[in-house]
Structures are given as C-alpha cells and as structure tokens.
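*Asks:*
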Amino acid sequence: MRSSARPVALLATIVALLLAPFPARRAIGQTVLIDPKLIEMTADGKRADAYVRLRGFPDLAPAAALPTRAAKTRAVFDALTTFSDRDQAAVRAQLLARGLVFQVVWIDNALRVADIDRLTLDALRALPEIELIEPDAQRAAPAAPPVVLAAPRKTPLDWPPPPLRELTGWLAAHPALPRAADLAWGVKAVHAPEAWARGATGRGIVIADLDTGVFRDHEAIDQGYRGAGNGVLSDQFSWFDAVDWSETPVDEVSHGTHTVGTLVGRAEGHAVGVAPDARWIACRNMAGRSGVGAVSLYAQCFQFAMAPTDTLGDHPDPTRAADITSNSWSCDPATEPGCNRSGALDRSVRAMTAAGIMVVVAAGNSGASCSTVGQEPGSLSSALTIGGVDRSGKVGNYSSRGPAKPNGASKPDLVAPGSDVPSAATGARNAYRPGTGTSMATPHVAGVIALLWSAQPWLRGNVAETIAILEATARPVRGEERCGGLEVDARPNLSAGYGLVDVNAALDEAEALAVTAEPAAGGAVTVRLANRSAEARRNITITDANGTRLGGVDVLDPGQGTELSVSASVSQLRVSYLGRAGARVFALTLPRP
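In the numbering used here, the protein residues as written are 2 to 594.
1) Helix, strand or coil: which one does DSSP assign to T386?
2) Kindly list the residues whose CB is nearer than 7 Å to the CB of S568, restricted to its own chain and excluding five residues on each side of it in sequence; keep chain order.
3) If you draw a straight line from the C-alpha of N408 to the C-alpha of A345, how long is it?
4) If we require 3 or more residues per run, which beta strand (DSSP E) segments fall completely within the region 250-313?
5) Could you check the C-alpha separation between L452 and R99 for me, to the nearest Å?
6) With three or more C-beta pairs closer than 8 Å as the rule, is the region 484-495 touching the region 91-107?
7) Provide the residue span of the beta strand (DSSP E) that contains F103, from first to last.
8) If you reduce the DSSP assignment to three classes, tell me which class P338 lands in.
9) Per DSSP, which residues does D242 bridge with? Please list them.
10) According to DSSP, is V478 helix, strand or coil?
11) Could you check whether the region 393-401 touches the region 113-120, counting it as contact only if at least three pairs of C-beta atoms, one from each stretch, sit closer than 8 Å?
12) Run the CB neighbour count on L120, radius 10 Å, all protein chains shown included, and call it buried at 16 or more, exposed below.
13) Going by other Cβ atoms of all chains shown within 10 Å of its Cβ, with 16 needed for buried, is W107 buried or exposed?
14) Could you please give me the residues that DSSP links to M42 through a beta bridge?
15) In whole angstroms, what separates the C-alpha of A435 from that of G389?
16) How many angstroms separate the CA atom of N398 from the CA atom of G438?
17) A49: which of A405, L39, T213, L55 sits nearest, CA to CA?
18) My understanding is that A511 touches Q457, with C-beta atoms under 8 Å, so please give their C-beta distance in whole angstroms.
19) What's the C-alpha gap between S343 and Q376?
20) Please classify N328: is it buried, with 16 or more other beta-carbons within 10 angstroms of its beta-carbon, or exposed?
21) Have a look at the DSSP bridge pairing and note the partners of A49.
22) Could you tell me the boundaries of the beta strand (DSSP E) in which P423 lies?
23) DSSP state of N494, grouped into three classes?
24) For T443, write down the residues that DSSP places opposite it in a beta bridge.
25) Distance check for V244 and R154, CA to CA, integer angstroms please.
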C-alpha cells in the first residue's frame with residue numbers, strides 16, 4: 002500500500018518548529034568563558050584538547066506531539082543536527098582554516114577539538130556563538146592488560162519479598178526460562194519472573210549501556226548483543242568507544258559488563274538479568290582502570306544511543322536508536338573535565354527525553370547524609386534517578402540522598418536492588434561476582450522498563466507516563482533520614498523516592514490504562530478504553546495519523562468502548578488523553594487483515 006505523504010509533511014512541520022528559535026547574537030557584555038586551566042595548558046606554544054560549547058539550542062518540546070518513539074527520535078535528531086550545522090558554521094570554518102581536527106557533538110551543540118593552541122583560542126573568543134571553551138578529556142596512555150578476577154563467591158539468593166507469588170511450578174513448565182533456584186535476588190525483588198510469566202520479557206526493546214565498556218563474549222550476555230543478530234557478528238551500530246576508539250567491545254574494569262548482565266544476562270545456573278529477551282548495545286564513556294570520563298564523553302555516548310554510528314563514529318542512524326539508556330556513573334567535578342559546570346549534561350538528557358528515550362541514572366554512592374545527590378546526571382530533574390536497597394528492603398548506607406544539589410530536586414525517584422548483586426564479570430566467559438552500589442540498582446530499573454514497554458507498546462517512548470506508572474506502583478520504602486523537611490514515612494521521601502520498583506504492579510496499572518483496537522462489523526474498528534485505573538482518564542481524542550479527528554469520549558465506566566468507522570487505508574490512529582503524567586499522545590496500530 003502506498004503511504005500517504007501527509008505524515009511526512011507533519012514530521013517536517015514539527016522539525017521546522019523545533020528549529021524555529023535560532024539563537025540571537027551575543028548581547029553587549031556577554032563574553033566567551035575560557036577555562037583558566039585551558040589557558041595554562043596552552044601556554045608557551047603548547048596544545049591541548051578542548052571542548053567548545055555554543056550558546057544556542059533548539060526548543061525540542063514540539064516532538065512530544067509525535068505518537069511513536071521512532072518519530073520522536075527522528076524529529077529530535079533532525080532538529081539537533083540541522084541546528085548545529087547552522088549554528089557552528091563560523092566556528093567550524095575557523096577550525097578548518099587552521100587545519101584542526103574536530104568532532105561534532107550535536108546533542109550538546111558543541112565540538113571536541115584536538116590540539117588547540119592559544120592563537121586559536123584567541124580567534125574563537127571573538128565569535129558570539131560560543132558560550133565556553135574548556136579542557137576536554139586528554140587521550141589516555143595505552144591501558145594495561147585486564148586483570149583476571151578471582152573466583153566469585155557464591156551469593157545467597159534469598160529475600161523473595163511479599164507479595165511475590167510462588168513461581169517454582171510455572172518455571173518447571175517452561176524449561177527455556179530459568180529455574181527458580183537460579184534467579185538472582187534482585188531479579189526476584191523487582192518481580193521480573195512474574196512479568197515473564199505474562200509474556201513481558203523485553204523482546205523488541207533495545208537498551209544502551211553507557212559505561213566502561215563490555216566483555217561482549219560473556220556467556221550471559223553474548224546472545225543478547227544486537228550486533229550478534231541474524232547469526233552474523235558485527236559491532237557496527239551496536240558499539241562505540243568514545244574514549245580510545247576501539248573497534249571491538251572492551252571492558253578493562255568489569256563495571257560495564259556487570260551492568261549489562263543485570264540488564265539482560267542469562268546463562269545456565271545464572272539468571273542475573275531482568276529483561277532476558279531485550280537487546281543491548283554499548284558505548285564506552287569512561288577510561289581504562291580509572292573510570293574517569295568527561296562531559297564530552299558522556300554527551301557523545303548519549304548521542305550514540307540516539308543515533309548509533311559505525312565503530313568510527315560515522316553514519317549516525319536514528320532508526321537504530323536505543324529505547325532506554327542505563328547510566329551507572331556520575332560526572333565528578335573534582336576529576337572530570339567539564340563536570341564543574343552546573344547543568345553540564347542537562348541539554349543531552351533533555352534531548353534524549355524529548356526523543357522518547359528513557360534515561361535511567363544512578364543516584365550515586367556518597368552515603369547516608371542528606372543532599373548527597375550532587376553530581377549529574379543523578380541530580381537532574383529530567384533523568385530517572387535510582388537509589389539502592391539491600392536484601393532486607395532497607396536503603397543502603399552507600400545510596401545518596403536528596404534533596405539534590407544545587408537545584409533542590411526531589412531525588413532519588415525510585416530504588417532498586419543494589420547490595421551484593423551477582424552479575425557477569427570479565428576474566429572468563431563464565432565469571433560472575435557480586436557488586437554493591439547504585440550502579441547495580443540502575444540496570445534493574447532499565448530492565449523493568451524494557452519489560453513494561455515490550456508488553457505495552459503504547460507506553461514505548463512515553464517517558465513521563467512510564468515514570469508516573471512506575472512511581473505510582475512502587476512498593477513504599479521507609480526513608481533512613483529526615484531530609485528536606487520530609488518525614489521518613491513520606492512518599493516520596495528523599496532516601497527512597499517513591500519506593501522499590503515493582504514491574505508486576507506496573508504491568509497491572511499499564512493494562513488498566515490501555516487503549517486497544519478490535520475489529521468490528523462492516524470494516525469498523527472498536528476502540529476500547531480499559532480505564533480500570535483508580536485514576537480514571539478523561540477527554541480521550543482519537544485521530545488518524547494526519548491529525549483528522551475521528552471521535553472522542555469522556556471515559557466514565559471501566560471497559561467502555563466507542564465504535565469508529567475507519568477507512569481501510571488507515572492503519573494507525575493517534576490517541577490523545579490525560580494520563581497520570583498529564584496530556585499524552587501515542588500511536589495505536591489497527592488490526593487489519
């Protein structure tokens with residue numbers, strides 16, 4: 002069937018709206034901020050790598066009107082790349098004229114410039130488009146060979162928290178799935194096996210792990226690698242190393258391998274992953290054994306997740322975007338270039354969210370005092386921030402508390418298993434070890450979202466609505482400190498947020514909110530509004546993909562339906578509604594022969 006040109010026109014219109022607020026020229030008195038450290042690094046004819054960030058940034062809010070994650074991602078990618086091409090023209094011309102090599106970080110309207118000198122800094126200082134110039138991550142020395150880890154100790158698989166149903170019989174009837182005895186305690190704690198029993202396994206969802214890299218060939222994660230699909234192994238568009246440009250996946254410290262294991266890992270005797278049928282891709286944003294990153298590296302990996310590239314960083318393709326990013330790291334102002342700026346990663350995270358990509362981040366491990374959530378991206382309101390609990394369900398004494406500094410945001414948002422979590426490790430294909438920290442908690446929640454989105458496609462790319470459902474259905478966890486004036490039993494509180502994520506309860510709520518389409522007599526379609534939620538939705542409007550209204554209804558009764566006469570040429574509807582997180586829109590594919 003020939004597709005209509007009108008959806009393309011709609012997308013073009015939205016991209017035009019995204020590009021509308023082109024930056025003004027610099028006002029009188031505005032100056033380009035050049036980090037004094039970079040001035041020092043370029044003294045006496047020396048050169049250094051620099052990060053050049055421009056002032057302008059497009060308004061990405063119009064992308065929210067698009068009904069699918071793919072459409073949102075394409076619109077935001079087009080807006081960001083077109084905007085940066087225009088806004089950076091004069092800067093790029095200066096750099097090219099001086100023979101300097103640079104990489105465009107369009108997600109932050111910035112450039113990574115290699116070997117900049119003082120004369121170039123002076124020339125760039127005169128350009129009104131530039132906001133700041135600071136040191137970039139300097140290329141690291143060759144890394145030492147990876148350490149072979151000691152044999153992992155056995156981790157007890159205890160604490161099946163109530164109301165976890167008995168799964169032994171069901172698992173015995175499904176031998177392809179893990180035995181109950183093999184389930185890691187964190188997998189059980191978030192009720193992932195119950196979600197699997199309902200068919201929610203993460204199939205069709207891609208998670209990007211942005212971390213220290215990954216040991217791709219580990220037995221628990223090798224089959225989940227997107228680059229291993231169709232029986233042909235290729236790292237193109239599934240792996241990028243922003244640090245050392247390794248063309249094959251590498252992990253020198255095991256941290257990224259451990260987090261990927263919690264996302265998707267499964268092998269005989271080791272059911273360590275929450276979403277075993279999801280696919281993973283990865284971007285390395287921290288160097289070697291030090292685990293040190295930089296704003297540029299973190300932004301570049303967010304960019305890769307939105308539009309994966311080949312292993313050389315070329316040919317970005319938003320049609321291969323991840324649905325979810327798992328971020329078990331923080332931007333340390335004491336050691337990492339650019340991280341001493343407030344809001345250093347805010348543009349990147351807001352762009353990801355506008356693109357319909359969930360950004361799940363660690364709260365940090367700065368301990369039990371109030372206001373220890375103080376590093377980005379965990380402190381950003383635009384990210385979903387995760388703290389850690391132990392087997393007893395108590396917030397770990399390592400897990401950072403809110404309110405966040407310096408913005409006062411209520412953090413963390415949720416908690417997940419973070420203490421003594423077993424997962425994959427480097428050193429051998431069958432190496433496992435336990436880990437503790439909010440780094441371990443974060444991939445549990447990313448995996449939960451993969452389960453939820455695979456089972457309820459209408460939620461995919463609806464970031465705010467998904468977060469609202471997770472928060473509404475989390476199991477309350479008592480705070481350990483009275484932070485921010487909130488009592489320890491408050492919900493949310495500033496130790497545990499809304500509580501321990503529960504995918505089974507989230508699935509119940511998502512099903513209760515669902516809008517479904519069923520064939521009706523005479524070629525009509527019955528659009529059924531489940532509305533079994535305690536918070537009934539109102540004002541549901543249904544249009545075709547071009548925005549032409551087909552019907553609307555105020556939802557009053559559970560299971561109420563409305564019959565619409567829809568042309569046979571229409572294969573997808575756009576449903577606008579008021580959900581837990583306010584006005585939202587999603588796509589509904591019609592059941593056609």
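Cβ atoms here follow ideal geometry from the backbone N, Cα and C, with glycine treated the same way.
Being a predicted model, the structure only gives us computed values, none of them experimental.
*Replies:* Taking the geometry as given:
1) Position 385 of the sequence shown, counting from 1, holds the residue named residue 386. Three-state result, T386: strand.
2) Position 567 of the sequence shown holds residue 568. Contacts found: none.
3) Against the sequence shown, residue 408 aligns to sequence position 407. Against the sequence shown, residue 345 aligns to sequence position 344. Using only the alpha carbons, I get a separation of about 13 Å.
4) 280-285
5) Here residue 452 corresponds to residue number 451 of the sequence shown, with the count starting at 1. Here residue 99 corresponds to residue number 98 of the sequence shown, with the count starting at 1. Roughly 50 Å between the two C-alpha positions.
6) no
7) Here residue 103 is taken as the residue at index 102 of the sequence shown, counted from 1. Note, F103: beta strand (DSSP E), 103-106.
8) Walking along the sequence shown from the start, residue 338 turns up at place 337. Coil.
9) Here residue 242 is taken as the residue at index 241 of the sequence shown, counted from 1. Per DSSP, R285.
10) If you number the sequence shown from 1, residue 478 lands on position 477. Correct three-state label for V478: coil.
11) no
12) Here residue 120 corresponds to residue number 119 of the sequence shown, with the count starting at 1. Exposed, since its Cβ has fewer than 16 Cβ neighbours within 10 Å.
13) Along the sequence shown, one-based indexing puts residue 107 at 106. When all chains shown are included, W107 counts as buried.
14) The residue given as residue 42 occupies position 41 in the sequence shown. Answer is none; M42 lacks a bridge partner.
15) Indexing the sequence shown from 1 puts residue 435 at position 434. Indexing the sequence shown from 1 puts residue 389 at position 388. Checking the sequence shown, residue 435 turns out to be Pro, not Ala. So the alpha carbons of these two residues sit roughly 14 Å apart.
16) On the sequence shown, residue 398 is found 397 positions in, with the first residue counted as 1. On the sequence shown, residue 438 is found 437 positions in, with the first residue counted as 1. Cα to Cα, N398 sits roughly 10 Å from G438.
17) Position 48 of the sequence shown, counted from the start, is the residue given in the question as residue 49. Checked all of A405, L39, T213, L55; the closest Cα to A49 is L39.
18) Here residue 511 is taken as the residue at index 510 of the sequence shown, counted from 1. Here residue 457 is taken as the residue at index 456 of the sequence shown, counted from 1. Confirmed, about 4 Å.
19) Here residue 343 refers to the residue found at position 342 when the sequence shown is read from its first residue. Here residue 376 refers to the residue found at position 375 when the sequence shown is read from its first residue. If you take the alpha carbons of S343 and Q376, they lie about 9 Å apart.
20) The residue given as residue 328 occupies position 327 in the sequence shown. That one is buried.
21) The count along the sequence shown starts at 1 and reaches residue 49 at position 48. In the DSSP output, where bridge partners are listed per residue, A49 has I117.
22) Indexing the sequence shown from 1 puts residue 423 at position 422. Note, P423: beta strand (DSSP E), 422-425.
23) Here residue 494 corresponds to residue number 493 of the sequence shown, with the count starting at 1. The answer is strand: DSSP assigns N494 an E or B state.
24) Here the question's residue 443 lines up with position 442 in the sequence shown. None; T443 has no bridge partner.
25) As a working mapping, residue 154 is identified with position 153 in the sequence shown. As a working mapping, residue 244 is identified with position 243 in the sequence shown. Low confidence applies here, because R154 scores a pLDDT of 26, under 50, leaving its location unreliable; read the following figure in that light. R154 and V244: Cα-Cα distance of roughly 32 Å.
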